[in-house]
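Accompanying notes for the structure given below.
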Amino acid sequence: MKCVWVENSFDGMIPALQARKFDAINSSMSQTEKRAKAIDFSHKIYANFEALVVRGGSALVTMPESLNEKHIGVLQGSTQEAYARKHWTNGVDIVPYPSQDQVWNDLAGGRLDAALVSGPTAESGFLKTAQGRDFGFA
């Protein structure tokens, strides 16, 4: 069997899997009740946690008051986007992106004040890179 990696936007992964554009999803996708009704999940591979990534020295914390008038990047269609839209309703600018790389680029470029992401994704995909060296968890 030959494996072929297929890039896809996060919010389009489940519809693409259902349309048989690929055979499996290899992503940090949290299992929700809605998603479990649409697709099957394997056993957990690792423990996940949600994290707010900020520039070092930032005073931002996850409380809505701290995030008032701030721009917070999220992966479009993610559980982080759903959480932010439910809990940070007044005065927080939730900015959805089709790819996590776009979130990282805008965070590093100063166009975002923070990013709400899966902790393991932040660690491996940003904080341990040259682009993310000046950032950490709030």
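Residues 170 to 307 (this note's numbering) are what the sequence shown spells out, left to right.
Just so you know, even glycine gets a beta-carbon here, dropped at the ideal spot from N, CA and C.
The model shown is predicted, which means the values in this text are computed figures rather than measured ones.
Can you check whether the CB of Gln271 is closer than 9 Å to the CB of Val286? If you number the sequence shown from 1, residue 286 lands on position 117. If you number the sequence shown from 1, residue 271 lands on position 102. It is not a contact, given that the beta carbons lie outside the stated cut-off.
By the 10 Å Cβ neighbour count, where 16 or more other Cβ atoms means buried, how is Tyr266 classified, buried or exposed? Walking along the sequence shown from the start, residue 266 turns up at place 97. Around the beta-carbon of Tyr266, 16 or more other beta-carbon atoms lie within 10 Å, marking it buried.
Contacts around Pro233, its chain only, beta-carbon distance under 6 Å, and the 5 residues preceding and following it disregarded: Looking up residue 233 in the sequence shown gives position 64. Excluding its 5 nearest sequence neighbours in each direction, Pro233 has C-beta neighbours in its own chain below 6 Å: Trp257, listed in chain order.
Which value, in whole angstroms, describes the spacing of the CA atoms of Asn195 and Ile208? Here residue 195 refers to the residue found at position 26 of the sequence shown. Here residue 208 refers to the residue found at position 39 of the sequence shown. Straight-line Cα distance between these residues: approximately 13 Å.
Let's see if you can read the secondary structure: which residues bound the alpha helix (DSSP H) around Val264? As a first step, residue 264 must be located in the sequence shown, where it is residue number 95. Counting along the chain, Val264 falls outside any alpha helix (DSSP H), though it belongs to the beta strand (DSSP E) covering Asp262 to Tyr266.
Among Pro289, Gly279 and Phe191, which has the Cα closest to the Cα of Gly225? Taking the sequence shown and counting its residues from 1, one reaches residue 225 at position 56. Distances from the CA of Gly225 to each of Pro289, Gly279 and Phe191 were compared; the closest alpha carbon is that of Gly279.
With a threshold of 6 Å on Cβ separation, who are the neighbours of Val223 within its own chain once the five nearest residues in sequence on each side are excluded? For the purposes of this step, residue 223 is taken as the residue at position 54 of the sequence shown. Cβ neighbours of Val223 beyond the five flanking positions: Leu229, Ala283 and Ala307.
If Leu296 sits next to Gly242, beta carbons under 8 Å apart, how far is it from one beta carbon to the other, in whole angstroms? The residue you call residue 296 lines up with position 127 of the sequence shown. The residue you call residue 242 lines up with position 73 of the sequence shown. At roughly 15 Å, the Cβ-Cβ gap does not stay under 8 Å, so Leu296 and Gly242 are not in contact.
Rounded to a whole number of angstroms, what is the C-alpha to C-alpha distance between Arg254 and Gly181? By one-based count along the sequence shown, residue 254 stands at place 85. By one-based count along the sequence shown, residue 181 stands at place 12. C-alpha separation (whole angstroms): 19 Å.
Ignoring anything shorter than 4 residues, give me the alpha helix (DSSP H) runs that lie fully in the region 236-295, in order along the chain. Whole alpha helix (DSSP H) segments, 4+ residues: 248-256, 269-277 and 288-291.
Would you list the residues sitting across from Glu138 in a DSSP beta bridge? Because the chain spans 170 through 307 in this model, residue 138 falls outside it and cannot be assessed.
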